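Under the UniProt record's numbering, the first residue of the sequence shown carries the number 1, and numbering increases by one thereafter.
To start, the structure itself, in C-alpha cells.
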Amino acid sequence: MTQTPTRPTVRRRPTMVDVARRADVSLKTVSRVVNDEPVGQELVSRVLAAIAELGFRRNDIARNLRSRQLNATVGLLIEEIANPFYATIASVAAEIAAAHGTMLITASSEEDPERERALLQDFTQRRVDGLLVVPAGLDHSFLRREVELGMPVVFLDRPPQGLQADAVLLDNRGGSHAGVGALLDEGHRRVGLLLGAPSVPTMRERLAGARAALDAAGVQPDESLVRERLIAPEEAGRAVGELLDLADPPTAFFCANNRLTVGALQELHRRGNDAALVGFDDFELAHLMPRPLTVVAYDTRELARVATERLFGRIAGDDSPPATTVLPTHLRPRGLA
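Right, here's the structure in full:
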C-alpha cells in the first residue's frame with residue numbers, strides 16, 4: 001500500500017562560487033575565510049553573512065572539489081544495535097549498499113531525540129549520499145533544507161515528523177487489531193494492554209488497532225487494564241504483576257513490542273499463570289518458549305530491503321514524489337504447546 005504526497009522543490013547545494021557572488025568577493029577570499037586564513041574583518045563579515053544566508057557548509061568544499069561526485073557512503077541511524085530487529089536492518093542495508101559499491105555508516109540514537117539530531121547533522125556534514133533513518137524524535141524539520149538541496153532520506157519503521165520524505169512502515173494498526181481480535185475470538189473480555197511511549201507513532205497506531213478490535217467485538221475498553229510508557233522488560237513484568245493483582249484481573253495480554261512480550265512472559269512464568277499472550281514483533285527463540293503464545297510477525301529483511309532500495313533509487317536520480325509504503329503483518333503461533 002503506497003501513499004504519494006507532493007514532492008518538495010529540490011534545489012542544488014550552494015557552492016563557494018555562490019558564496020563569492022553573494023558576498024561580492026573573490027573565490028580565493030571565500031576559500032581563505034572558510035579555511036581560517038588571515039582576511040580583513042570586513043571581508044570576513046561579508047563572507048560569513050553570505051554563508052549563513054545560503055546555508056553553505058565548510059564540508060561542502062570537498063564535494064565541490066570533486067565536481068559533485070558521490071562519496072559512495074550512506075548513513076543508517078537506528079535505535080539500538082544490540083536489538084536483533086535493528087541488527088537485521090543494518091545487515092540487509094550493508095549488503096545492498098555493498099552491491100551498489102557503497103559503504104554503510106551505522107550509528108545508534110539510543111532512543112534519544114537530541115542524540116538523533118546530532119548524529120543526523122553529523123552525517124549531513126560528512127556529505128553522505130543518502131540517509132536511512134529509524135527515527136527517535138518527533139520533529140525532523142531540521143532536515144528539510146538538506147532534503148530541499150537534494151539529500152535523499154528514507155525513513156523506516158516509523159514515519160518522519162514535520163518533513164516530507166519516503167517512509168517504509170509496517171501495518172501497525174492492522175497487526176494489533178488482528179492480535180487483540182484473536183484474543184477476543186478465544187472468549188477473552190479482559191485484555192491487558194502493555195505499550196511504550198504514546199508519543200511514538202507506532203505505539204499510537206498499535207493502541208488504535210487494539211481499541212478498534214475491542215470496539216468491533218462490543219467490548220467496553222477498561223482503562224485500568226492499560227499500561228503505557230513501558231520500555232524495559234522489567235517494567236513490563238511489573239505491569240503484568242500489578243494487573244494480575246487486581247480484584248478482576250485480565251485473562252489475556254497484548255504487548256506492543258517484543259521487549260514487553262519478554263517481560264510479560266517472565267512474570268507469567270514466575271507466577272505460574274496461564275493467561276493468553278499476543279505480542280507485536282517476533283523475537284529470537286520465541287518458538288522455544290515453554291508455553292504457547294502468538295506474535296504479530298513481519299519480514300524484517302523485506303522492510304530493510306524496500307527502504308534501502310528506495311534510497312539507492314533516489315540516489316540514482318528518481319525524483320518522483322515521496323511515498324509511504326506499508327508492509328503487511330501476520331499472526332504466527334509460537335512457544336511449546
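Glycine included, each C-beta is placed from N, C-alpha and C at the ideal position.
Everything numeric in this text was worked out from a predicted model, so none of it was measured.
Kindly indicate which three-state DSSP category R270 falls into: helix, strand or coil?
Reduced to three states, the DSSP call for R270 is helix.
So for A167, helix, strand or coil by DSSP?
strand
Mapping DSSP to helix, strand and coil, what is T29?
helix
By DSSP, does R126 sit in helix, in strand, or in coil?
coil
Can you round the beta-carbon distance between T294 and R334 to whole angstroms, since I take them to be within the 8 Å contact cut?
7 Å
Is it buried or exposed for P321, if we count other Cβ within 10 angstroms and need 16 for buried?
exposed
Taking the continuous beta strand (DSSP E) assigned at residue 354, which residues delimit it?
With the chain covering only 1 through 337, there is no way to say anything about residue 354.
C-beta atoms of F283 and A256 nearer than 8 Å
no
Going by DSSP, name the residue or residues bridged to S108.
I78
Could you name the residues of the same chain whose beta carbon sits closer than 8 Å to that of S224, not counting the 5 residues immediately before and after it, in chain order?
L246
Specify whether the region 226-238 and the region 259-268 touch according to this definition: at least 3 beta carbon pairs, one from each stretch, less than 8 Å apart.
Segments in contact, yes.
Buried or exposed (CB count within 10 angstroms, at least 16 for buried), H140:
In the assembly as shown, H140 is a buried residue. Its beta-carbon has 16 or more other beta-carbons within 10 Å.
What does a CB cutoff of less than 6 Å around H287 pick up in its chain, not counting 5 residues either side in sequence?
R334
Evaluate the contact criterion for the region 197-206 versus the region 156-167: three or more CB pairs, one atom per stretch, below 8 Å.
yes
Alpha carbon to alpha carbon, how far is Q41 from D18? Give it in angstroms, no decimals.
Pairing D18 with Q41, the inter-Cα distance amounts to about 20 Å.
Quick check on Q220: does DSSP put it in helix, strand or coil?
Note: Q220 maps to coil in three-state DSSP.
Closer than 6 Å by C-beta to I61: which residues in its own chain qualify, once you throw out the five before and the five after it? Chain order, please.
Note on I61: pLDDT 40, under 50, position unreliable in the model; the coordinate value appears next. The answer is none, since no qualifying residue turns up.
If we require 3 or more residues per run, which beta strand (DSSP E) segments fall completely within the region 156-211?
Entirely contained in the region 156-211, the beta strand (DSSP E) runs reaching 3 residues are, in chain order, 166-170 and 191-194.
Which whole-angstrom value describes the C-beta separation of V74 and L132, a residue pair presumed to lie in contact below a C-beta threshold of 8 Å?
Right, the Cβ-Cβ distance comes to about 7 Å (below 8 Å), so this counts as a contact.
Alpha-carbon to alpha-carbon, S31 and T15:
Each residue's Cα considered, the two are about 11 Å apart.
Specify, as a first and last residue, the run of the beta strand (DSSP E) that V133 falls within.
L131 to V133 is the extent of the beta strand (DSSP E) around V133.
T102 - partner residues in DSSP beta bridges
T102 is not bridged to any residue.
Keeping to the same chain, check which residues put their C-beta closer than 6 Å to that of A212; ignore five residues upstream and five downstream.
H177
For V296, the first and last residue of its enclosing beta strand (DSSP E):
L293 to A297
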